[in-house]
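This report concerns only the one structure given below.
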Amino acid sequence: LLDNAYYEMLLQRQNRYYEQVDAPENGMKQWAVGARNQPGGNIRREMQRANANPLFMLSSDLALVANFTEVLQDDETGAVNCSFNPNDSLPDCPRADTYAIVEGFATDQASFLATFQTVFESMLATGYPG
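Here my numbering = 1-based position in the sequence shown + 983.
This is the structure in structure tokens:
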């Protein structure tokens, strides 16, 4: 199913929020998706539960809605000094220039599908060098 759910999720709709956590494999930062209705809203606690398998987003995903340029703490791990978590003491992440586009796609599925169709047809028609 091709729809705009990805953009809705980026805007933390569907009662979700993001928290930056260490990836268990390499210690690099990833964004875990947590449920706001969890007691205390703590993703780390949710991840520790038996059989917990949270959804993760990369910084490249969230860079569509947040500008990490001024809040980047560690270039190697990708740690930032801002938060999407309403229960966190860190300041909110600043909005990216592309926030309005994401918001438009999240609220208007027809617009997303029309734009996707145009870009996809262009990709198929022009291909790529290689």
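Idealized CB from N, CA, C, for every residue including glycine.
As the structure is a prediction and not an experimental result, all values here were calculated from the model.
7 Å CB neighbourhood of residue i in its chain, flanking five on each side removed
| i | result |
| --- | --- |
| Ala1108 | none |
| Ala1033 | Its pLDDT being 45, under 50, Ala1033 is placed unreliably in this model, and the coordinates cannot settle the point. |
| Thr1101 | none |
Pair within 8 Å by beta-carbon distance, residue i and residue j
| i | j | result |
| --- | --- | --- |
| Asn1064 | Gln1056 | yes |
| Ala1079 | Val1048 | yes |
| Val1085 | Leu984 | no |
| Tyr1001 | Leu1073 | no |
| Thr1052 | Met1011 | no |
Distance between beta carbons of residue j and residue i, contact taken as under 8 Å
| i | j | result |
| --- | --- | --- |
| Asp1075 | Ser1066 | 7 Å |
| Phe1095 | Asn987 | 4 Å |
| Ala1062 | Gln1013 | In fact, because the Cβ distance is near 11 Å, the residues do not count as touching under 8 Å. |
| Phe1039 | Val1054 | Not really, about 20 Å apart at Cβ, beyond 8 Å. |
Close-in-space but distant-in-sequence residues of the same chain around residue i (CB under 8 Å, 5 per side omitted)
| i | result |
| --- | --- |
| Phe1088 | Asn987, Tyr990, Ser1094, Phe1095 and Thr1098 |
| Leu1041 | Gln1013 and Trp1014 |
| Pro1022 | Residue placement at Pro1022 is poorly supported in this model, since its pLDDT is 45, which falls under 50; the coordinates are not used for a value here. |
| Gln1092 | Asp986 and Asn987 |
Residues bridged to residue i [DSSP beta-bridge criterion]
| i | result |
| --- | --- |
| Gly948 | The requested residue 948 does not occur in the structure, where the chain is confined to residues 984 to 1113. |
| Phe1067 | Beta-bridge pairing links Phe1067 to no other residue. |
| Ala1062 | Asp1057 |
| Asp986 | Partner(s): none; Asp986 has no beta bridge. |
| Leu1049 | Checking the sequence shown, residue 1049 turns out to be Ala, not Leu. Its beta-bridge partners are Arg1078. |
| Asp1005 | Lys1012 |
| Phe1125 | Past the boundaries of the shown model lies residue 1125; the chain is included only from 984 to 1113, so the question cannot be answered. |
6 Å CB neighbourhood of residue i in its chain, flanking five on each side removed
| i | result |
| --- | --- |
| Pro1077 | Asn1050 |
| Thr1081 | Leu1047 |
| Asp1005 | none |
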